[in-house]
Amino acid sequence: ITVEWRRPVPMEPLNVRTSTVRKGRSAGWLEAKLLVGERMLASANVVQLRVESVEVTEPNAVPDAPPPSPERADSFAFPFFPSEVGYHRGVEIRFVEGEWSKGPVSVWMRSLKPLVDGEQSSGLERLLLLADATNGLAPTLPIQSFTYVNPDLTIHLQRLPDSEWLGFRARSIPQPTGIGLVQGQLFDAQGEIGRCAQSLLIRAREP
Numbered sequence: 010i011t012v013e014w015r016r017p018v019p020m021e022p023l024n025v026r027t028s029t030v031r032k033g034r035s036a037g038w039l040e041a042k043l044l045v046g047e048r049m050l051a052s053a054n055v056v057q058l059r060v061e062s063v064e065v066t067e068p069n070a071v072p073d074a075p076p077p078s079p080e081r082a083d084s085f086a087f088p089f090f091p092s093e094v095g096y097h098r099g100v101e102i103r104f105v106e107g108e109w110s111k112g113p114v115s116v117w118m119r120s121l122k123p124l125v126d127g128e129q130s131s132g133l134e135r136l137l138l139l140a141d142a143t144n145g146l147a148p149t150l151p152i153q154s155f156t157y158v159n160p161d162l163t164i165h166l167q168r169l170p171d172s173e174w175l176g177f178r179a180r181s182i183p184q185p186t187g188i189g190l191v192q193g194q195l196f197d198a199q200g201e202i203g204r205c206a207q208s209l210l211i212r213a214r215e216p
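So the sequence shown is numbered by our numbering: it starts at 10 and just counts up by one.
Pasting the structure below:
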């Protein structure tokens with residue numbers, strides 16, 4: 010799944026248009042667009058792979074185990090939202106390795122609200138609600154001095170998530186060119202499920 014953010018998303022009614030680009034025997038390609046009126050704000054491209062039972066014997070690489078459990082960790086709230094109402098009130102975050110704004114971290118997150126009111130979110134929907142926050146989990150530059158916006162998000166999954174809490178091992182690498190990269194290893198309670206990556210646009214805040 011690759012999402013590209015073209016414009017800021019306003020707090021007003023939005024439209025979503027989806028289409029099937031191509032359906033093959035083993036793979037399918039889907040597209041979605043987020044619009045306000047006829048103006049596109051974001052787009053998403055999805056590659057679906059058909060699941061088929063395959064006997065894999067003695068693999069020479071196995072998925073990593075998940076980070077330490079979130080049960081004994083304290084809850085954390087992002088400190089950079091300007092208002093009380095926002096994304097940070099719809100998720101719960103618990104750091105289990107590392108410390109916010111001081112390098113790579115391991116974090117568990119869960120969504121407190123469903124994607125659609127009154128309906129139970131699937132594991133994939135819960136992951137998509139949380140994965141864009143990877144940028145905010147491991148900043149390495151002080152938020153008082155810099156902004157760092159991710160214009161995209163790409164997620165690769167080896168299997169679908171199957172737990173309420175979802176884990177992220179995240180690190181951010183800024184460069185003096187004003188760009189950077191955020192990388193995340195994704196987990197559910199059973200272990201590693203995939204990877205995510207985000208480009209960064211880094212700018213110094215005006216005094």
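Ideal placement from N, C-alpha and C gives every residue a C-beta, glycine not left out. Everything numeric in this text was worked out from a predicted model, so none of it was measured.
Using a 10 Å radius around the Cβ and a threshold of 16 neighbouring Cβ atoms, would you call residue 69 buried or exposed? The count along the sequence shown starts at 1 and reaches residue 69 at position 60. Flag for residue 69 reads exposed.
query = Quick one: is the Cβ of residue 200 within less than 6 Å of any heavy atom of the ligand FMN?
reply = Summarising the ligand content, the structure contains no ligands, and the ligand FMN is consequently not present.
DSSP on residue 135, reduced to helix/strand/coil? Here residue 135 refers to the residue found at position 126 when the sequence shown is read from its first residue. Residue state, collapsed to three classes: helix.
message: So the candidates are 149, 193 and 136; which of them puts its Cα closest to the Cα of residue 170?
response: What you label residue 170 is simply residue 161 of the sequence shown in a count that begins at 1. Closest option to residue 170, Cα to Cα, is 136.
Practice prompt. Buried or exposed for residue 138, please, with buried defined as at least 16 other CB atoms from any protein chain shown within 10 angstroms of its CB.
Written response: On the sequence shown, residue 138 is found 129 positions in, with the first residue counted as 1. Buried.
* Is the region 74-84 touching the region 120-127 in the sense that three or more CB pairs, one from each, lie closer than 8 Å? -> no
Check: Is it right to say residue 196 is buried, meaning 16 or more other beta carbons lie within 10 angstroms of its own, or is it exposed?
Finding: On the sequence shown, residue 196 is found 187 positions in, with the first residue counted as 1. Buried, since its Cβ has 16 or more Cβ neighbours within 10 Å.
Determine contact between the region 155-169 and the region 90-105, defined as no fewer than three beta-carbon pairs at a distance below 8 Å. no
Checklist entry - In three-state DSSP terms, what is residue 140? => result Residue numbering aside, residue 140 sits at position 131 when the sequence shown is read from its first letter. Three-state result, residue 140: helix.
- Identify which residue in 157, 208, 144 and 184 has its Cα closest to the Cα of residue 214. Residue mapping note: residue 214 aligns to position 205 of the sequence shown, counting from 1. Out of 157, 208, 144 and 184, 157 has the C-alpha closest to the C-alpha of residue 214.
key: Cut-off 7 Å between Cβ atoms - residues of its own chain near residue 152, not counting five sequence neighbours on either side   = Here residue 152 refers to the residue found at position 143 when the sequence shown is read from its first residue. Correct list, in chain order: 89.
**Prompt:** DSSP three-state call for residue 59: helix, strand or coil?
**Reply:** Your numbering for residue 59 matches position 50 in the sequence shown. Here residue 59 sits in coil by DSSP.
Is the CB-CB distance between residue 200 and residue 74 below 7 Å? If you number the sequence shown from 1, residue 200 lands on position 191. If you number the sequence shown from 1, residue 74 lands on position 65. Yes, they are a contact pair.
Worksheet entry | Minimum C-alpha distance to residue 22 - residue among 29, 34, 50 and 11 | Mapped onto the sequence shown, residue 22 falls at position 13. The candidate whose alpha carbon is nearest that of residue 22 is 50.
_Please state whether the Cβ-Cβ distance between residue 194 and residue 178 is less than 7 Å._
What you label residue 194 is simply residue 185 of the sequence shown in a count that begins at 1. What you label residue 178 is simply residue 169 of the sequence shown in a count that begins at 1. Cβ distance < 7 Å, so residue 194 and residue 178 count as in contact.
* Does the Cβ of residue 24 have 16 or more other Cβ atoms within 10 Å, making it buried, or fewer, making it exposed? -> For the purposes of this step, residue 24 is identified with residue 15 of the sequence shown, where counting begins at 1. Exposed, since its Cβ has fewer than 16 Cβ neighbours within 10 Å.
Under 6 Å Cβ to Cβ from residue 150, same chain only, skipping five residues before and after it: list those, please.
Mapped onto the sequence shown, residue 150 falls at position 141. Cβ neighbours of residue 150 beyond the five flanking positions: 183.
Give the straight-line distance between the Cα atoms of residue 147 and residue 189, rounded to the nearest whole angstrom.
Locating residue 147 in the sequence shown gives position 138, where the first residue counts as 1. Locating residue 189 in the sequence shown gives position 180, where the first residue counts as 1. Whole-angstrom Cα-Cα distance: 12 Å.
* How long is the line joining the alpha carbons of residue 175 and residue 118, rounded to whole angstroms? -> The residue you call residue 175 lines up with position 166 of the sequence shown. The residue you call residue 118 lines up with position 109 of the sequence shown. Their Cα atoms are separated by approximately 5 Å.
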